[in-house]
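In what follows, a structure is listed as structure tokens, so that the remarks can point back to it.
Numbering (my numbering), first residue to last: 699 to 1089.
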């Protein structure tokens, strides 16, 4: 049973009444309001029919709803559905106020979900002693993130029609973007030609032997994506990213200062070792300061916490996605992350498997590409099979 403090049946009734009066308001509601947001199952059933029919161009009103709702179990106790629908359709509700009422319905639905989630978290904390407290916190944080993003990142199955629409949108974005890429440009033409850009939900492993330039390549990609960040306003007036975007860079080996020095060196064309030792002249110092000022607005967020657990990294990524809408995550490097559990013991293969699974799940959850660096095993020379393996 729903707590009445988190239910407003008058608001739900007003939304449905306005929708039956004028189907044209549907697009304004459907962007955030869903069937499950209604506490009253009758209003939920009516809205579900509207969601199915209105996009196809069908009219939804008291007359067209009558037949289909008579077979709905939510209306089994009603002797006369026609009277109920007629009352809804003839109520005096300002159509212009419908989005306001819909937001009230949506807000209360989120509150009910928070109450339910709080109860679940409390129950698991008391009874589920087979799960570590760290994993309980991670699960709770993940659930809260998904709730906060609901509407933009609604889960569940989608129709093939919706999937095709998203594919067309990606193709259109590629057509409009410089270079014709469907994904984020790395800023490296040959790499973009091979990959077609960096795509949302992808996990890319950048593997190589020590001192082969993995960090340099990853830093260049991260900087290029952040530096190319461009936005434009849509027809509705909302801002939309059309190229690049904010980047989260988890540097588990190199400090944030060292990473910044490397980027400054490349952009100012001054040797990094000279910058580190202060062996630069006045002209180079001025050039370095000019470059630093130019790059101040670049949205590259560096986290240099060592030995970061994968669960903590995921939590920080969710926060950065929520606050800054990051478009790319870079992890340098895979072997320095801690696995989500200690059950794998000394089994390094199992640990790396858990870490990569966690990164792939994160890429899908946030709908961003994740680039993870990895060292290849040094033991290749001692093996008959010379194919590369993660160390």
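Even glycine gets a Cβ: it sits at the ideal position worked out from N, Cα and C.
CB of residue i within 8 Å of CB of residue j, strictly
i            : j            : result
residue 882  : residue 895  : yes
residue 707  : residue 786  : no
residue 1021 : residue 939  : no
residue 901  : residue 1047 : no
residue 1027 : residue 1071 : no
residue 747  : residue 800  : no
residue 889  : residue 917  : no
residue 764  : residue 779  : yes
residue 944  : residue 1073 : no
residue 720  : residue 793  : yes
residue 839  : residue 975  : no
residue 811  : residue 845  : yes
residue 728  : residue 749  : yes
residue 1013 : residue 884  : no
residue 913  : residue 809  : no
residue 1092 : residue 897  : Residue 1092 is absent from the model: the chain starts at 699 and stops at 1089.
Closest Cα partner of residue i within the set the options
i            : options                : result
residue 911  : 960, 945, 758, 885     : 960
residue 906  : 836, 899, 1032, 919    : 1032
residue 739  : 1072, 773, 965         : 773
residue 998  : 1016, 948, 887, 750    : 948
residue 984  : 974, 944, 966          : 966
residue 1054 : 1011, 1016, 1017, 1023 : 1011
residue 981  : 991, 974, 861, 968     : 968
residue 790  : 1008, 899, 930, 709    : 709
residue 993  : 1009, 975, 964, 880    : 964
residue 803  : 732, 978, 751          : 732
residue 702  : 715, 724, 737          : 737
residue 755  : 769, 724, 782, 770     : 724
residue 782  : 1023, 711, 971         : 711
residue 715  : 766, 770, 796, 771     : 796
residue 1009 : 768, 1059, 971, 819    : 1059
residue 798  : 730, 831, 823, 770     : 730
Neighbourhood of residue i by C-beta distance below 8 Å, restricted to the same chain and skipping five residues each side
i            : result
residue 1034 : 950, 951, 1004, 1005, 1006
residue 734  : 742, 807
residue 1155 : No answer is possible for residue 1155: it lies beyond the span of the chain, which begins at 699 and ends at 1089.
residue 929  : 937, 938, 939, 940
residue 826  : 834
residue 853  : Interpretation of residue 853 is limited by its pLDDT of 47, a score under 50 that renders its predicted location unreliable; the figure taken from the coordinates is listed afterwards. Taken in chain order, the residues that qualify are 844.
residue 1023 : 939, 943, 944
residue 931  : 937, 938
Same chain, Cβ closer than 6 Å to residue i, neighbours up to 5 away in sequence not counted
i            : result
residue 833  : none
residue 1019 : 1064
residue 841  : 815
residue 926  : 941, 942
residue 821  : none
residue 996  : 924, 925
residue 1057 : 901, 1068, 1070
residue 1130 : A question about residue 1130 goes unanswered here, because the residues of the chain that appear run from 699 up to 1089.
residue 1002 : 949, 953, 954
residue 851  : At residue 851 the pLDDT is 36, less than 50, meaning the model places this residue with poor confidence; the figure from the coordinates comes in the next sentence. Excluding residues within five positions, none has a Cβ falling inside 6 Å.
residue 1051 : none
residue 903  : 1070, 1072
Per DSSP, the bridge partner or partners of residue i
i            : result
residue 906  : 1073
residue 1014 : According to DSSP, which records beta bridges pairwise, residue 1014 is partnered with nothing at all.
residue 930  : 938
residue 1001 : 948
residue 1067 : Beta-bridge pairing links residue 1067 to no other residue.
residue 1036 : 1007
residue 896  : 882
residue 1030 : 949
residue 901  : 1068
Proximal residues to residue i (C-beta, below 7 Å), its chain only, five neighbours per side dropped
i            : result
residue 759  : 718, 787
residue 1062 : 899
residue 1000 : 947, 949, 954, 957
residue 962  : 973, 986, 989, 990
residue 752  : 721, 724, 758
residue 766  : 747
residue 823  : 834
Legend entry - Uninterrupted beta strand (DSSP E) stretches inside the region 728-796 (no shorter than 3 residues): Runs of the beta strand (DSSP E) lying entirely within the region 728-796 and spanning at least 3 residues: none are present.
Inset, instruction - Note down, one range per segment and in chain order, each beta strand (DSSP E) of at least 3 residues found wholly within the region 936-999. - result: If we require 3 residues or more, the beta strand (DSSP E) runs fully inside the region 936-999 come out as 937-941, 945-949.
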